[in-house]
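Residues in the sequence shown are numbered from 3 upward in steps of one, following the numbering used here.
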Amino acid sequence: MAPFLNRRDLSFQLFEVLPTADLTTRPRFAEHSREVYEDVLNLAYSVAERYFANHAREADLHEPHVVEGKVVLPAAMRDAVRAFRDAGFFSAHHDEDLGGLQLPWVVMQAVQANFQAANVSTSGYPFLTIGNANLQRVFASPEQQRRYMLPLLEGRWFGTMALSEPHAGSGLADITTTATPRPDGSYALTGTKMWISGGEHELSENIVHLVLARIAGGPAGVRGISLFLVPRYRVNEDGTPGADNHVVLAGLNHKMGYRGTTNTLLNFGEGGETIGELVGEPGRGLAQMFHMMNEARIGVGMGAVMLGTAGYLESLAYARERRQGRHASQKDPAAPPVPIIEHADVRRLLLRQKVFVEGGLALGLYASLLVDDTQTGPQDGRADAGLLLDLLTPIVKSWPSRYSQEALSDAIQVMGGAGYTRDFNVEMYYRDNRLNPIHEGTEGIQGNDLLGRKLTQAGGRGLNILLGRMQADLNASEGLDGLDEIRAALRQAITWNTQALGTILPRAAELGPDLFLANANSALEMLGHTVVGWMWLRQAATAARALPGARADTDFYHGKLHAARFYATHELPKVRAHADLLASADRTTTDMHSEWF
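What follows is the structure in structure tokens.
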């Protein structure tokens, strides 16, 4: 079996770059230790390797299909989700009185990374269920939590989020699913939802859908959207699944990748009443759902990183073993071929993969630690952590999704014709990851969110916090050996960012929203590449500090320093083009007539 996870790098990110072990000083995690976290991660790897990685290709080749009205999935999937449940991972980050271990969110994301790398399709079912339960923990009533959340935490029931509709993908203001009040305070839902991952299967006793709908007679637009708990089967008084709730599978979407995760078209109210319960107050549905969506966006970024990592490790192993050609300086045709990793262009392709996936992992875990900081950190720092997390979320979602795709393309290129075949997994990872720039908000949506909202939120304080933290790490890295290139390149990139944003942001009213946001993707690329450069400075500084006393890990630390230099010289210079385009308020896209295409 090809390697799917670099466990040494995951440990480096958690315990050397990030102060994860120091979280035990916080009351919520006081009974933990680094050893506890490592034991949990070892368990996650063991379960992922044995029960998830073993059927990743099978789930891709034998995608979900319907037989006699039931969705059929590979039998190994049921074993996998059962092993995940038996290990306690559905509830691991929740309170002890809910059966949890009170794990920090950063550790929980590292746990999930094991499963995303091993089998992203099967990991989607627990991923959605955990997000559904997290939303209920914040917004659902105690009785709703008893009826719907606890079975999710036990892993007996699974959860989804049902937002989009056939006519309204990301345009949620246009949804038409209707909720009509019933005499007992519940609601009857009618309508159709599209692109619902995990929307139908036989892996669990019940499926709890979080559904966005309009209460009959409510206002148009997002103010009229409410959130409802809608089970596949109605729930009996004793908490067991009861009668059919008329959530009907209208069809399965046949996807390019992520094939093992069912993706469904669901009809509500077909053949009888679909009964749901309102979550919280009417008209607050979109704000509530964003709690799950923002969490999912970090998860999407992490999933992209892990797909890229699995592809990188497979192509790296191949490059070490495959012999072909000779060094350009070797003129003797009788000399034996060298491993292709000896060729400069193959090393370039491998270095690109390394900086993209390890930089993306650093970013995803950093954002996950910010989640912990907003919830359990010192009170006087929680607001700032929240603003920085808000600013980084569109980057955490989009940057790894795009650049893991480039990494996977490079992995195929390293492996040549072999990488293009199904004899290896990289072509599957490439197809799987192509979803990540699309779902949970496309790159266009993330760019608009970053430039149109997050950069100016709270008077731009989030950006000031980010710049302050980057400057603090630059200052702290002064005098460390091997960091000259990354420090200089990051300083220059920060200058390009501040100049571009200082030019475009004050012109928002003058330009109007259409032109102001026309080049939002350049803001996403500019700031994303810079933030990942910061992540590489942090990794390089950690490696530089560790090297003098290192014994067995010297190659690992030298690799970090060299990768940081590569990112500084090959990637950070690209920031300038995006900064210049953004600052210019270029009209090329807005001035293009639709008839000219």
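Glycine included, every Cβ here is placed at the ideal spot set by N, Cα and C. Keep in mind the model is a prediction, meaning the values are calculated, not measured.
C-beta atoms of residue i and residue j nearer than 7 Å
| i | j | result |
| --- | --- | --- |
| K195 | L268 | yes |
| G303 | V398 | yes |
| A190 | T182 | yes |
| V224 | A298 | no |
| V250 | V348 | no |
| P76 | D374 | no |
| P243 | N208 | yes |
| N450 | A522 | yes |
| G213 | W159 | Going by the sequence as given, residue 213 is Val instead of Gly. No, they are not a contact pair. |
| L130 | T179 | no |
| Q15 | L372 | no |
| S188 | I277 | yes |
| A85 | Y53 | yes |
| A570 | I488 | yes |
| A409 | G310 | yes |
| I467 | L390 | yes |
| A602 | M151 | Outside the modelled stretch of the chain, which goes from 3 to 599, sits residue 602, for which no answer is possible. |
| T378 | R30 | yes |
| A312 | S406 | no |
| A135 | L165 | no |
| M294 | L137 | yes |
| A478 | G535 | no |
| V157 | R236 | A small correction: the amino acid at residue 157 is Gly; Val does not occupy that position in the sequence shown. No. Outside cutoff. |
| T500 | A585 | no |
Identity of the residue in the options nearest residue i by Cα
| i | options | result |
| --- | --- | --- |
| T532 | K72, E573 and N521 | E573 |
| G193 | L465, V232, Y127 and W159 | V232 |
| A545 | V534, R553 and H560 | H560 |
| G446 | D483, S596, L390 and A525 | A525 |
| S35 | D176, A336, G443 and F17 | F17 |
| L492 | V249, R463 and G530 | G530 |
| L254 | R184, A120 and E202 | E202 |
| R433 | T444, G449, Q448 and S403 | S403 |
| E429 | Y314, A330 and Q541 | Y314 |
| L457 | R10, A520, R148 and L393 | L393 |
| L7 | L507, A520, G157 and L318 | L318 |
| N1 | R9, G551 and V359 | The first residue shown for the chain is 3 and the last is 599, placing residue 1 beyond what the model contains. |
| N44 | S13, A215 and S479 | S13 |
| H248 | E272, K257 and N238 | E272 |
| R455 | H67, L351, P396 and D425 | P396 |
| A78 | V69, E70, G90 and E65 | E65 |
| A587 | D555, H595, E512 and P575 | E512 |
| Q381 | G241, R28, L20 and A579 | R28 |
| V83 | V69, G101, A55 and Q104 | A55 |
| L353 | D412, E442, R463 and D557 | D412 |
Coil, strand or helix - residue i by DSSP
| i | result |
| --- | --- |
| E33 | coil |
| V359 | helix |
| G228 | First, the amino acid is wrong: residue 228 is Ser here, not Gly. Reduced to three states, the DSSP call for S228 is strand. |
| V340 | coil |
| L280 | strand |
| N265 | strand |
| K257 | coil |
| I440 | coil |
| S199 | strand |
| K333 | coil |
| N56 | helix |
| R28 | coil |
| G102 | coil |
| M594 | coil |
| T1 | Residue 1 lies beyond the range of the chain shown here (3 to 599); nothing can be said about it. |
| G514 | helix |
| F91 | coil |
DSSP beta-bridge partners of residue i
| i | result |
| --- | --- |
| H211 | T162 and V232 |
| F270 | G193 and V249 |
| V237 | P243 |
| E167 | A170 |
| I217 | A181 |
| R325 | P341 |
| K72 | V69 |
With contact counted as at least three CB pairs below 8 Å, one residue from each stretch, are the segment 57-64 and the segment 101-116 in contact?
-> They do not touch, by the three-pair rule.
At least three beta-carbon pairs within less than 8 Å, the segment 337-352 to the segment 472-483 | Fewer than three Cβ pairs drawn from the segment 337-352 and the segment 472-483 lie within less than 8 Å of each other, which leaves the two stretches out of contact.
Any 3 or more C-beta pairs closer than 8 Å across the segment 218-236 and the segment 281-300 = Look at the beta carbons and you see the segment 218-236 touching the segment 281-300: at least three pairs across the two are nearer than 8 Å.
Give a yes or no on contact between the segment 113-132 and the segment 257-266, applying the rule of three or more CB pairs nearer than 8 Å.
-> Here the segment 113-132 lies against the segment 257-266, with 3 or more beta-carbon pairs under 8 Å apart.
Are there three or more Cβ pairs, one per stretch, closer than 8 Å when the segment 532-542 is compared with the segment 565-585?
-> A contact exists between the segment 532-542 and the segment 565-585.
Contact between the segment 317-336 and the segment 139-148: three or more CB pairs below 8 Å?
-> Verdict: no, contact absent.
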